[in-house]
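For the first sequence, the residue numbers in the numbering used here are 2 to 418. Read through the structure below, which is laid out as structure tokens, and then see the notes.
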Amino acid sequence: MAQSVKGTRDLFGNELEWFQRIEDTARRAFHRHGYSEIRTPILEEIEVFKRSVGESSDIVHKEMYDFKDKGDRHVAMRPENTAGVVRAVIQHQMLATSDPQLLYYIGPMFRYERMQAGRYRQFWQIGAESFQVSTPESEAESLVMLYDFLKELGLTQLTFSINSVGTPECRPAFHEAFRAFFKTREEQFCADCHRRIAENPLRVLDCKNERCQAALEGHPVLVDYLDEASRAHHERLKEILGALGIPFVENPRLVRGLDYYTRTAFEVLSSDLGAQSALLGGGRYDGLVKQLGGPQVAAFGWSIGLDRLAMLMQQLHGNAPRKPAPILIPLGASATLKAIQLARACWAQGLDLVLETRGANLKKALTTANRVGAPLALILGDGELEQGVVAVKDLAAGTQETWNLAEVPAKLSATRA
RNA sequence: GCGGAUGUAGCUCAGUUGGUUAGAGUACUGGAUUGUGAUUCCAGGUGUCGCCGGUUCAAAUCCGGUCAUCCGCCCCA
């Protein structure tokens with residue numbers, strides 16, 4: 002039997018209901034804040050990711066889902082969408098004016114990884130990117146949007162971890178201090194950290210090895226090495242988040258797995274997600290647009306894992322709420338013709354109504370109606386047809402009443418409210 | 001990429017030191033009831049025992065490979 006490709010899966014039923022509910026909630030939040038959707042290709046030239054995410058990152062290093070196409074182009078399935086959005090924004094000259102560009106996306110991403118619960122080769126992200134706004138206020142705006150979106154979904158226990166990773170100008174001073182610190186106790190660090198200290202010293206900070214974390218005790222803190230503007234930026238963001246009541250903690254060891262971040266970096270982890278605890282992350286990336294061939298502009302963004310968010314919703318709230326439609330059961334040929342016309346009148350008014358079209362007997366039809374959770378069964382047989390009525394059975398209560406055919410749409414409409 | 005497990009009915013799972021005809025619950029189908037579901041009673045399919053190969057008189061069981069899933073690490077969403 003044919004099977005879905007490893008690490009990919011079909012979305013349907015209850016899980017998809019959560020996906021849709023989350024997506025709808027996110028879209029409303031984005032639109033409230035003036036963000037516009039952008040849909041970029043799943044395939045990009047691999048260079049787009051190498052030049053943005055960073056050659057040294059694991060994503061490019063070992064997780065890229067890449068291949069050569071028939072034209073011998075080296076392409077990759079996008080592992081994240083910031084690079085693609087930046088490429089599109091440059092390609093379409095969307096930064097020709099100095100106006101802010103506020104964009105969001107929802108779509109599948111691909112990383113070639115070993116499978117685990119909550120970690121897939123095709124997974125979904127919802128994300129926001131804002132260009133040409135550099136202030137801490139703009140970051141707070143984006144974070145408030147994110148926070149209120151999560152709150153609307155009923156997630157109130159989440160705390161943002163934030164840090165500032167500085168700028169390319171002030172980071173060298175930190176690197177120097179940090180390497181000096183590392184040297185005083187380098188024998189206590191793992192092999193990976195020895196590799197990291199050379200390639201990307203910041204990543205030593207979030208090594209998961211307990212011994213390394215212990216060895217980091219008293220390490221130089223990034224925030225102390227920020228230039229004055231970055232420090233003020235960081236302080237102002239914290240001030241605003243505090244004033245808005247958004248729960249956050251400062252985490253001086255928070256660095257992100259992507260190389261392009263500057264100044265603000267943040268993430269949210271959830272212990273309810275098992276080993277794959279990262280739920281969302283983001284930050285400022287003021288250098289990336291230029292790095293990909295565009296103008297020097299400020300940029301800020303985040304993305305959230307839709308699969309993991311749906312998993313969280315399932316754990317916290319159980320199955321997604323859904324409301325099956327009432328079902329209309331005709332009995333006999335003449336009643337069936339009338340039933341189709343009646344259903345059409347209801348559909349024309351935007352009402353949900355499922356038509357039983359199998360010609361099934363009443364027993365079977367009611368069994369099905371009960372199983373799918375229909376709230377009402379409208380029964381239209383020859384007897385009802387003669388009297389111009391339908392029998393309406395409330396499947397939860399077991400009670401039954403009679404409606405005139407003409408008043409069915411209005412009555413259905415009333416029960417839906 | 002590294003390490004460790006699991007795979008039997010649609011679903012959740014039993015299945016003894018290898019033994020002849022493979023099980024339970026649930027779900028499903030039909031009937032008790034040809035116009036009344038969900039409750040009850042009766043009857044009944046539930047199947048490539050993941051796949052391929054090997055050992056054996058004999059494999060769901062042991063061995064190898066493979067595919068898929070799960071857990072830990074790495075990393076991330």
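Note that beta-carbon positions come from the ideal geometry of N, C-alpha and C, so glycine has one too.
| Query | Result |
| --- | --- |
| Spatial neighbours of residue 167 in its chain, beta-carbon cut-off 8 Å, leaving aside the 5 residues before and after | 175, 223, 226, 227, 228, 231, 263 and 264 |
| Sequence-distant residues of the same chain with beta carbon closer than 6 Å to residue 295, five excluded per side | 91 |
| Distance CB(residue 78)-CB(residue 127) smaller than 8 Å | no |
| DSSP state of residue 409 mapped onto helix, strand, coil | helix |
| First and last residue of the uninterrupted alpha helix (DSSP H) at residue 156 | Per DSSP, residue 156 belongs to no alpha helix (DSSP H) and is neither H nor E. |
| Contact check, residue 380 vs residue 394, beta carbons under 8 Å | yes |
| Ordered list of alpha helix (DSSP H) runs contained in the region 132 to 194, each at least 4 residues | 137 to 153 and 172 to 184 |
| The alpha helix (DSSP H) enclosing residue 235, as first and last residue numbers | 229 to 244 |
| Close Cβ partners of residue 154 (< 7 Å) along its chain, the five nearest in sequence each way excluded | 23, 26 and 314 |
| Minimum C-alpha distance to residue 318 - residue among 300, 157 and 163 | 157 |
| Own chain residues within Cβ distance below 6 Å of residue 215, not counting five before or after | none |
| Residue 220 versus 209, 284 and 185, residue with shortest Cα-Cα distance | 185 |
| Opening and closing residue of the beta strand (DSSP E) in which residue 280 lies | 279 to 285 |
| Straight-line gap, residue 65 to residue 54 (C-alpha atoms, nearest Å) | 11 Å |
| Cβ-based neighbour list, residue 5, same chain, cut-off 8 Å, excluding 5 preceding and 5 following | 11 |
| CB contact flag (residue 377, residue 416, <8 Å) | yes |
| Rounded separation between residue 69 and residue 47 - CA only | 10 Å |
| Distance CB(residue 137)-CB(residue 238) smaller than 8 Å | yes |
| Supposed close pair residue 250, residue 325 - CB separation, criterion 8 Å | With a Cβ gap of about 43 Å, residue 250 and residue 325 do not count as contacting. |
| Alpha-carbon spacing of residue 196 relative to residue 146, whole angstroms | 38 Å |
| Pairwise C-alpha distance: residue 280 and residue 298 | 28 Å |
| Local conformation of residue 203 per DSSP, three classes | helix |
| Burial state of residue 104, where buried means 16 or more other Cβ atoms lie within 10 Å | buried |
| 8 Å Cβ cutoff met for residue 371 and residue 354 | no |
| Status (buried if at least 16 other CB within 10 Å, exposed otherwise) for residue 17 | exposed |
| Check whether residue 282 and residue 268 have beta carbons under 8 Å apart | yes |
| Whole-number beta carbon distance between residue 273 and residue 333, since they are thought to touch under 8 Å | Their Cβ separation, rounded to whole angstroms, is 53 Å, which puts residue 333 and residue 273 out of contact at 8 Å. |
| C-beta contact flag for residue 140 and residue 285 at 8 Å | yes |
| Residue range of the beta strand (DSSP E) that includes residue 345 | Not the beta strand (DSSP E): residue 345 falls in the alpha helix (DSSP H), residues 334 to 349. |
| Where the alpha helix (DSSP H) through residue 14 begins and ends | 14 to 33 |
| Local Cβ density within 10 Å of residue 37, reported as buried at 16 or more and exposed below that | exposed |
| Residues bridged to residue 302 [DSSP beta-bridge criterion] | 130 and 284 |
| Cβ neighbour criterion (16 or more within 10 Å) applied to residue 419 | For residue 419 there is no data in the structure shown, the boundaries of the chain being 2 and 418. |
| Minimum C-alpha distance to residue 150 - residue among 33, 164, 202 and 132 | 33 |
| Spatially closest choice to residue 253 from 304, 179, 241 and 242, by CA coordinates | 179 |
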